[in-house]
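Each residue of the sequence shown is one higher than the one before, counting from 353 in my numbering.
The beta carbon of each residue, even a glycine, is placed where N, CA and C say it ideally should be.
Everything numeric in this text was worked out from a predicted model, so none of it was measured.
Right, one structure below, let's go through it.
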Amino acid sequence: MEVNKELALKNIPTKASEQYRNFPMVPRVVYGNGSFDQLGDILMPKRKHSEAPMIFLVDDVFEGTELLQRIPAIFSDQIILISAEEEPKTIQVDALVKRIKDHFEETPSGIIGIGGGTLLDLAKAVAIMLTNTGDASAYQGWDLVHKQAIYHVGIPTISGTGAEVSRTTVLLGPEKKLGINSDYTPFDQVLLDPELTKGVSKEQWFYTGMDCYIHCIESLNGTFLNAFSQSYGEKSLDLCKEVFLGNISADESREKLMMASWHGGMSIAYSQVGVAHAMSYGLGYVLGVKHGIGNCLVFQYLDEFYPEGVRLFDEMMKKHQIELPTGICKDLTNDQMDTMISVALGMEPLWENALGKKWKSKISPEKLKSIYQKI
Ligand code: NAD
Ligand code: ZN
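Set out below in structure tokens:
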């Protein structure tokens with residue numbers, strides 16, 4: 353019991369009164385190939401009236417595709433195409449909120465994010481910032497949001513991040529890359545239609561899929577592990593192995609990776625990620641390296657922390673003939689390297705999960721530098 357209580361408190365700063373973390377979960381989920389066509393029926397009862405639109409935030413990779421035609425936009429609804437070229441920023445969220453407020457007198461009936469982690473995170477953040485005052489950057493952290501977000505729906509079109517189930521939306525702000533972690537962040541509705549992931553390139557499929565695999569490895573090998581996280585993490589890991597090392601059909605592979613992502617996200621809800629994520633945050637902050645590929649770039653050199661995980665990762669890379677870019681850190685100035693290291697070491701709960709309470713004696717800036725230099 354004591355262990356659990358400690359775990360509940362140390363993971364992430366939460367309200368002092370909370371002995372055990374009390375998590376909200378996604379209350380409604382639809383699953384199945386073709387389920388996207390049910391979206392209109394799902395949204396109908398959530399429409400406040402014809403002047404309160406549904407706003408669809410859609411990855412612009414779908415521009416000109418039939419998916420846009422299938423979006424059930426009626427009345428004054430708006431479809432906003434957004435590039436996922438860069439990861440979401442707080443100023444981008446503020447600009448979207450302003451645009452929506454300037455354009456409509458009424459608060460929208462809902463926000464629907466359609467895309468990968470980037471679009472899902474944007475949708476969550478915009479839904480929160482439509483009811484909370486000020487700038488999005490003021491809410492980066494834990495439990496700083498006090499007003500309920502507007503109704504928001506997540507529809508992933510690439511699988512792996514777990515952003516569809518998570519209680520956070522990761523944003524790059526003026527000072528830090530940090531999530532808005534709150535009880536109001538999770539989606540009110542998620543729609544899982546594996547067919548939507550059909551157009552993803554092999555490389556991107558692998559990078560985002562490995563985000564899920566690495567969530568499992570870091571959660572299952574962490575000191576915060578508990579039966580709750582383990583049950584989801586093991587299932588997710590089995591699915592990842594089937595997808596990346598087994599011989600299954602493309603249909604099955606899409607279905608299984610979508611569910612692996614879901615379970616992987618649930619697994620880290622009650623534990624934490626680890627070394628790869630901490631170091632990938634550094635890469636993302638200083639060089640703008642994206643989450644999925646950043647995790648892979650780091651993870652390949654983490655065999656001393658995750659020997660079995662890295663061995664399987666190598667097998668997966670070979671099987672799918674993935675070649676990671678090299679020389680990413682070779683032109684870094686000393687200052688940039690120092691920043692990268694301090695951003696990574698600043699992720700304290702991740703290190704504590706990975707290496708235990710005495711993590712500071714087990715890792716050093718020099719050690720991180722030597723790993724970054726290989727990348
Ligand atoms: P992404 O959303 O950045 O998209 C990656 C690429 O895939 C983009 O070029 C996009 O246009 C393309 N794409 C998406 N769906 C496609 C489709 N069906 N067909 C063709 N191309 C498609 O990728 P991601 O890896 O899913 O998300 C990364 C983001 O997720 C990062 O910003 C990261 O911080 C965030 N993230 C959030 C959480 C969370 O819990 N909130 C967890 C992990 C990562
Ligand atoms: Zn991740």
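With DSSP run on the structure shown, which of helix, strand or coil describes Glu720?
In the sequence shown, residue 720 corresponds to position 368, counting from 1. In the sequence as displayed, the identity of residue 720 is Leu instead of Glu. Reduced to three states, the DSSP call for Leu720 is helix.
Is the beta carbon of Tyr633 less than 7 Å from the beta carbon of Val695?
On the sequence shown, position 281 is the one that residue 633 refers to. On the sequence shown, position 343 is the one that residue 695 refers to. Between Tyr633 and Val695, the C-beta gap is smaller than 7 Å, which places the two residues in contact.
Does the beta-carbon distance from Gly616 to Ser581 come in below 7 Å?
Here residue 616 is taken as the residue at index 264 of the sequence shown, counted from 1. Here residue 581 is taken as the residue at index 229 of the sequence shown, counted from 1. The answer is no: Cβ separation not under 7 Å.
What would DSSP say about Leu482, mapped onto helix, strand or coil?
For the purposes of this step, residue 482 is taken as residue 130 along the sequence shown, with counting starting at 1. Looking at Leu482 - three-state DSSP - the assignment turns out to be coil, as it is neither helix nor strand.
Which of the three DSSP states is assigned to Asp411 in this structure?
The residue given as residue 411 occupies position 59 in the sequence shown. In the three-state scheme derived from DSSP, where H, G and I count as helix and E and B as strand, Asp411 is classed as strand.
Separation of Phe651 from Lys719, as counted between CA atoms
As a working note, residue 719 is residue 367 in the sequence shown. As a working note, residue 651 is residue 299 in the sequence shown. The C-alpha of Phe651 is placed about 14 Å away from the C-alpha of Lys719.
Any chance you could list the beta strand (DSSP E) runs of at least 3 consecutive residues sitting entirely within the stretch 441-523, in chain order?
462-467 and 504-508
Quick test of the definition: if touching needs 3 or more C-beta pairs under 8 Å, does the stretch 668-678 touch the stretch 696-716?
no
Check this for me: beta carbons of Glu516 and Thr470, under 7 Å apart or not?
As a first step, residue 516 must be located in the sequence shown, where it is residue number 164. As a first step, residue 470 must be located in the sequence shown, where it is residue number 118. For Glu516 and Thr470, no; Cβs fall outside 7 Å.
Tell me the rounded alpha-carbon separation between Met669 and Gly531.
Along the sequence shown, one-based indexing puts residue 669 at 317. Along the sequence shown, one-based indexing puts residue 531 at 179. Answer to the nearest angstrom: the Cα atoms are 30 Å apart.
How should Gly640 be labelled, buried or exposed, when 16 other C-beta atoms within 10 angstroms of its C-beta is the threshold for buried?
Reading the sequence shown from its first residue, position 288 is the one you call residue 640. Result: exposed.
For Gly585, which residues of its own chain have a beta-carbon under 6 Å away from its beta-carbon, when the five flanking residues on both sides are left out?
Here residue 585 corresponds to residue number 233 of the sequence shown, with the count starting at 1. The answer, listed in chain order, is Cys568, Ser571, Leu572 and Ser619.
Residues near Thr513 in its chain [Cβ-Cβ closer than 6 Å; skip 5 each side]:
For the purposes of this step, residue 513 is identified with residue 161 of the sequence shown, where counting begins at 1. These residues qualify, in order along the chain: Gly469 and Asp563.
Pro379 and Asp535 closer than 7 Å at C-beta
Your numbering for residue 379 matches position 27 in the sequence shown. Your numbering for residue 535 matches position 183 in the sequence shown. Not a contact, by the Cβ cut-off of 7 Å.
Beta-carbon gap between Pro405 and Ser387 smaller than 7 Å:
On the sequence shown, residue 405 is found 53 positions in, with the first residue counted as 1. On the sequence shown, residue 387 is found 35 positions in, with the first residue counted as 1. For the 7 Å CB-CB criterion, Pro405 and Ser387 do not form a contact.
Taking Gly636 as part of the alpha helix (DSSP H), name the residues at either end of that continuous run.
Within the sequence shown, the letter at position 284 stands for residue 636. Per DSSP, the unbroken alpha helix (DSSP H) holding Gly636 starts and ends at Val627 to Leu639.
Reduced DSSP secondary structure (H/G/I, E/B, other) of Ile434
Stepping through the sequence shown from its first residue, residue 434 is reached at position 82. If DSSP states are grouped into helix, strand and coil, Ile434 belongs with the strands.
Locate the alpha helix (DSSP H) running through Ile674, then write down its first and last residues.
Within the sequence shown, residue 674 is the residue found at index 322, counting from 1. Premise fails: Ile674 is in no alpha helix (DSSP H) and is neither H nor E.
Span of the beta strand (DSSP E) around Val382:
Taking the first residue of the sequence shown as position 1, residue 382 is located at position 30. Run containing Val382: Val381 to Tyr383, per the beta strand (DSSP E) assignment.
Looking at C-alpha atoms only, which residue of Asp540, Ser583, Asp683 and Glu604 is the closest neighbour of Ile394?
What you label residue 394 is simply residue 42 of the sequence shown in a count that begins at 1. When each option's Cα is compared against that of Ile394, the closest is Asp540.
Within 10 Å of its beta-carbon, does Glu607 have 16 or more other beta-carbons around it, so buried, or fewer, so exposed?
The residue given as residue 607 occupies position 255 in the sequence shown. Buried is the call here.
Do the CB positions of Val478 and Val449 come within less than 7 Å of each other?
Taking the first residue of the sequence shown as position 1, residue 478 is located at position 126. Taking the first residue of the sequence shown as position 1, residue 449 is located at position 97. For Val478 and Val449, yes; Cβs fall inside 7 Å.
Could you work out which residue in Lys554, Pro460, Gly467 and Ala490 is closest to Asp545 when comparing CA atoms only?
The residue given as residue 545 occupies position 193 in the sequence shown. Comparing Cα positions, the closest option is Gly467.
Cα-Cα separation between Ile443 and Gln492, rounded to whole angstroms
On the sequence shown, residue 443 is found 91 positions in, with the first residue counted as 1. On the sequence shown, residue 492 is found 140 positions in, with the first residue counted as 1. Between Ile443 and Gln492, the C-alpha separation is close to 12 Å.
Terminal residues of the alpha helix (DSSP H) in which Gly392 lies
Here the question's residue 392 lines up with position 40 in the sequence shown. Segment Leu391 to Leu395, the alpha helix (DSSP H) holding Gly392.
Determine the burial state of Tyr372: buried for a count of at least 16 other Cβ atoms within 10 Å of its Cβ, exposed for fewer.
Translated into positions along the sequence shown, residue 372 becomes position 20. Tyr372 should be labelled exposed.
C-alpha gap between Glu415 and Ala579, whole angstroms
Mapped onto the sequence shown, residue 415 falls at position 63. Mapped onto the sequence shown, residue 579 falls at position 227. One C-alpha to the other measures close to 43 Å.
Between which two residues does the beta strand (DSSP E) containing Gly646 stretch?
Start at 1 with the first residue of the sequence shown, and residue 646 comes out as number 294. Segment His643 to Phe651 is the alpha helix (DSSP H) holding Gly646; no beta strand (DSSP E) there.
Let me know if Ile566 comes out buried or exposed under the rule of 16 or more other beta-carbons within 10 Å of its beta-carbon.
Here residue 566 refers to the residue found at position 214 when the sequence shown is read from its first residue. Ile566 comes out buried.
Once DSSP output is grouped into helix, strand and coil, what is the label at Leu544?
Position 192 of the sequence shown, counting from 1, holds the residue named residue 544. Three-state result, Leu544: strand.
Restricting to Cα atoms, I'd like to know which of Gly644, Glu555, Arg519 and Met699 is closest to Ala621.
Taking the first residue of the sequence shown as 1, we reach residue 621 at position 269. It is Arg519 whose Cα lies nearest to the Cα of Ala621.
Leu697 (DSSP reduced to helix, strand or coil):
One-based indexing of the sequence shown puts residue 697 at position 345. In the structure shown, Leu697 sits in a helix (DSSP, three-state: H, G or I).
Looking only at DSSP bridge pairs, what is Ile532 linked to?
One-based indexing of the sequence shown puts residue 532 at position 180. Beta-bridge pairing links Ile532 to Gly493.
Phe558: first and last residue of the uninterrupted alpha helix (DSSP H) it sits in
Translated into positions along the sequence shown, residue 558 becomes position 206. That run of the alpha helix (DSSP H) goes Lys554 to Leu572.
Is it true that the CB of Asp446 sits closer than 7 Å to the CB of Asp495?
To locate residue 495, count along the sequence shown from 1; it is residue 143. To locate residue 446, count along the sequence shown from 1; it is residue 94. No. Outside cutoff.
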